[in-house]
Amino acid sequence: MFVFSYERRLRADLERWAKKGWVRADAVEAIIEDAASHEAARQGGRLPQMLGILGAVLLVAGVLMFVSANWEAISRLARLSLLLAALWGALLAGAWLKSARHGWLAEGAFVLAAGIFGASIMLISQMYHIEGHYPDALLLWGLGALLVAALAESQGALVLALGLLGWWSIAEMLDFRLGVKWLFLPPWAIGAGLVAWKRWRLGAHAVILSLLAWLFGVVNHYLDMKSIGAGLALGFMASLGAWMYAGALAAAKPARRDAHGMAAILMSYGAALAGLAPFLGQLLFDKRVLHMLLLYPVQAFAVTALLTGAAAVFGLWKGRIAWFDALALPAGALSAAGLFAGIPGGRWIMAAIVLGMSIWLITAGQRLAAKHLMRMGLALFGAEVLYVYFRTLGGLLDTSLFFLLGGALFILMAFAFVWLQGRLARGNGEAAQ
Amino acid sequence: MNRIASSIWTRVLLAALVLSAALGWIVYNRMTILKNGREIVLKSEPVDPRDLFRGHYVRLGYAISRLKGDDRLLKGLGHLKRNQTVYVTVKPGADGYWVLDSASTVMPPPEDGKVTLKGRVEYPVFPHGGRVSYGIERYYAPRKKALALEKRMARSSAARGREERPLGVIVRVAPNGRAAIAGLMLDGRKIYEEPLF
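If you're matching them up, the sequences are chains A and B in order.
Per the numbering used here, the first sequence runs over residues 1 to 433.
Per the numbering used here, the second sequence runs over residues 1001 to 1197.
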């Protein structure tokens, strides 16, 4: 339970503060009691809302079952009217709820309306035995949901729209191999603009994740074509991450050590993108692509270096990123772009960079109090060790040497870190006295 | 307050209108084909009767679904690519079912007594030809209707011998080559006619 764990943490903190004399001992119980009752009221206040939503779900399910049981008995004209009536009903109900300031219920109605639009497309296809190119239906549905999101200012509809558009682009690029779908970008930009304007947090996740889905399709397409575009797209992914990371940190309030709200979301995804892109690059540029990469123009890598370098310089100039960031971001982007894939010993350079990126993610997570980044860094570290191990089963001597050197280096770093921390703590203690 | 309320109503009404128009457009497109399209009857390929009506739709295969490279009618079609558009022209056959006449990568000029369908290459077959779909490969049938259809087909098969089960698919084709299923035929008789609405 949240209440319990929050209470327990609060109690531990308060008792420590009481010992230091910052909080009066008799105030401790009063504060905990107040926090607990406040939390309980917060949770309890949601109950009627939840019951209302569950009731609406039951009603809708009942109507759906009744209609589907009698679907075949209903004439086509009546079916079409029914679908349109449901669409209009949901939209108008949403407008009424919104003007009556029932924000969450209005949100539910708009998502329902966007869902009914999709169901209508499918049911009409079924009625007229249309067997089309199925991504077309996804595209139409996604654009319809985006329209609802923009006009009704509905975050839920926007998340649905971006999910559908991402799915559509992936279906076109991976399933049907129809090339890069640039058509994804205009509606995506509209969605991103909406999120920036409304400061929607859930929407921000959807904006980033849908773009990633699209980028994945693009990388895959160019890899299929054995083209320079794959390295460029991965380099772009890492550069984008670098900019998101540096930009979000620059935009965060200076007084805080940790980032909050939109900045936190952007910063986390930025770090994750920049950190994971080199690993992805390493996985994708396997032996068959390696010799192709040698032919790639250096200019392409220069673009990547310029993009990330600019992000690093921007972050340093704003005084928000550490020197370690400024080093990690361009290195990661360049290895993601496959710069080292073609040169002799490049595999080891890339592995070292990926391990470096995992350490960077851990330290960034620690610095910014973002646990998920630390966990991601640890996972990346483990994955890379396994990758190197399995890739080089033939030359285990090399591998063991690599790990021995790396392990020794990490232990040295750990000692240096502990020593530095101790010095800093002593320094602070002396300063305080 | 009042202005906020009125603007959300206008905007939601606009959304409702645009979405309805999109749905209406799909229906209108189909209706025009069904109402004004040229009618042809294609013979559906024999399908394993046990698999025929499994699920909510029937998969229909046609002779023109497979364009074969050695076919002299397909000369000039060249090497097909995935998702490429092909125009396949059919003419009435001896038994009333329409058969392949020619195929082309561009829309041929209209000819008396012939109908051209627009198709999409699902996958090419080396060196020429490939699998083509026309958007008429699915017939949605609810369980009751499917079972009734299956029974009729079984009776027909028993009367005619096991190997031949001629299911005719009535297709209407618009001048631009878009095709829509208009009904089903068994033993030369219409058994289902799709209503416009």
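In this text, a Cβ means the ideal position worked out from N, Cα and C, and glycines have one as well.
Query raised in the report: Helix, strand or coil for Leu1167 of chain B per DSSP?
Result: Strand at Leu1167 of chain B.
Query raised in the report: Can you give the Cα-Cα distance for Ile53 of chain A and Leu47 of chain A, rounded to whole angstroms?
Result: 10 Å
Query raised in the report: chain B partners of Ile359 of chain A, CB-CB under 8 Å?
Result: Within chain B, no residue comes near Ile359 of chain A; the closest Cβ sits about 44 Å away, beyond 8 Å.
Query raised in the report: Using the C-alpha atoms, what's the distance from Phe236 of chain A back to Tyr387 of chain A?
Result: 24 Å
Requested in this report: State yes or no: is the C-beta of Arg76 of chain A within less than 8 Å of the C-beta of Met122 of chain A?
Outcome: Not a contact, by the Cβ cut-off of 8 Å.
Query raised in the report: Are the region 167 to 184 of chain A and the region 212 to 221 of chain A touching by the rule of at least three beta carbon pairs closer than 8 Å?
Result: yes
Report task. Step through the CB atoms of chain A and report whether any lies within less than 8 Å of the CB of Ser1020 of chain B. Result -> Yes, because at least one Cβ of chain A sits closer than 8 Å to the Cβ of Ser1020 of chain B.
**Report entry** Listed by chain order, chain A residues near Ile1136 of chain B by CB distance under 8 Å
**Finding:** His129 and Glu131
Query raised in the report: Which of helix, strand or coil does DSSP assign to Trp17 of chain A?
Result: In this structure, DSSP gives Trp17 of chain A a helical state, which the three-state scheme calls helix.
Query raised in the report: Taking the C-alpha atoms as reference points, what is the distance between Gly142 of chain A and Ala161 of chain A?
Result: Rounded to whole angstroms, Gly142 of chain A and Ala161 of chain A show a C-alpha spacing of 4 Å.
Query raised in the report: In whole angstroms, what is the alpha-carbon distance linking Tyr1201 of chain B and Glu107 of chain A?
Result: One cannot answer for residue 1201 of chain B here, as it falls past the ends of chain B, which runs 1001 to 1197.
Requested in this report: From the DSSP output, in three-state form, read off Ser335 of chain A for me.
Outcome: helix
Query - Proximal chain A residues relative to Arg1172 of chain B, where beta-carbon distance stays under 9 Å - result: Residues of chain A whose Cβ lies closer than 9 Å to the Cβ of Arg1172 of chain B do not exist, since the nearest Cβ in that chain is about 11 Å away.
Requested in this report: Assign Leu1184 of chain B to one of three DSSP states: helix, strand, or coil.
Outcome: strand
Report task. Label Gly1024 of chain B either buried or exposed according to how many other C-beta atoms from any shown protein chain fall within 10 Å of its C-beta, with 16 as the threshold for buried. Result -> exposed
Requested in this report: Less than 8 Å between the CB atoms is what I'm expecting for Val1121 of chain B and Arg1066 of chain B, so what's the real figure, rounded?
Outcome: In fact, because the Cβ distance is near 11 Å, the residues do not count as touching under 8 Å.
Query raised in the report: Are the C-beta of Val1012 of chain B and some C-beta of chain A separated by less than 8 Å?
Result: Under the Cβ criterion of 8 Å, Val1012 of chain B is counted among the residues facing chain A.
Query raised in the report: Who are the neighbours of Phe176 of chain A on chain B, taking C-beta pairs under 7 Å?
Result: Asn1083
Query raised in the report: Roughly how far, in whole angstroms, is the beta-carbon of Leu361 of chain A from the beta-carbon of Met267 of chain A, given that I think they are within contact range, below 8 Å?
Result: The pair is not a contact, with the Cβ atoms about 12 Å apart (cut-off 8 Å).
Requested in this report: Examine chain B for any beta-carbon lying closer than 8 Å to the beta-carbon of Val148 of chain A, and answer yes or no.
Outcome: So yes, Val148 of chain A belongs to the interface.
Query raised in the report: Shorter than 8 Å from the beta carbon of Val1027 of chain B to some beta carbon of chain A?
Result: yes
Query raised in the report: Rounded C-beta distance between Leu1060 of chain B and Tyr1139 of chain B? I'm assuming under 8 Å.
Result: 6 Å
Requested in this report: Assign Ile1064 of chain B to buried or exposed, taking buried as 16 or more other Cβ atoms, counted over all protein chains shown, within 10 Å of its Cβ.
Outcome: buried
**Report entry** 8 Å Cβ cutoff, Arg1030 of chain B in contact with chain A
**Finding:** yes
Requested in this report: State the start and end residues of the unbroken beta strand (DSSP E) segment that holds Ser1065 of chain B.
Outcome: Counting along the chain, Ser1065 of chain B falls outside any beta strand (DSSP E), and DSSP gives it neither H nor E.
**Report entry** Three CB pairs or more closer than 8 Å across the region 318 to 333 of chain A and the region 230 to 246 of chain A
**Finding:** yes
Query raised in the report: If you drop the 5 nearest sequence neighbours on each side, which residues of the same chain put their C-beta closer than 6 Å to that of Leu355 of chain A?
Result: Excluding sequence neighbours, Leu355 of chain A sits near Glu384.
Query raised in the report: I think Gly281 of chain A touches Leu234 of chain A, with their Cβ atoms under 8 Å apart; what is that distance to the nearest whole Å?
Result: That belief holds up - the Cβ atoms of Gly281 of chain A and Leu234 of chain A are roughly 5 Å apart, short of 8 Å.
Requested in this report: Would you list the residues sitting across from Pro1124 of chain B in a DSSP beta bridge?
Outcome: B:Gly1130
Query raised in the report: Taking just the CA atoms, how far does Met225 of chain A sit from Val1169 of chain B?
Result: So the two alpha carbons sit approximately 41 Å from each other.
Query raised in the report: What is the DSSP secondary structure of Asp26 of chain A, counted as helix, strand or coil?
Result: Asp26 of chain A falls in the coil class under three-state DSSP.
Query raised in the report: Buried or exposed: where does Gln421 of chain A fall if 16 or more other Cβ atoms within 10 Å of its Cβ makes it buried?
Result: exposed
**Report entry** Nearest neighbour of Ile124 of chain A, chosen from B:Leu1077, B:Ile1008, B:Met1031 and B:Tyr1087 [CA to CA]
**Finding:** Measuring from the Cα of Ile124 of chain A, the nearest candidate turns out to be B:Met1031.
**Report entry** Span of the beta strand (DSSP E), counted from its first residue to its last, around Glu1138 of chain B
**Finding:** Sequence inspection shows Arg at residue 1138 of chain B; the Glu mentioned does not correspond to that position. Per DSSP, Arg1138 of chain B belongs to the beta strand (DSSP E) from Arg1138 to Tyr1140.
Query raised in the report: Name the DSSP bridge partner or partners of Trp1098 of chain B?
Result: B:Pro1092
Requested in this report: Starting from Val1041 of chain B, trace the beta strand (DSSP E) both ways and give me its first and last residue.
Outcome: Arg1038 to Ser1044
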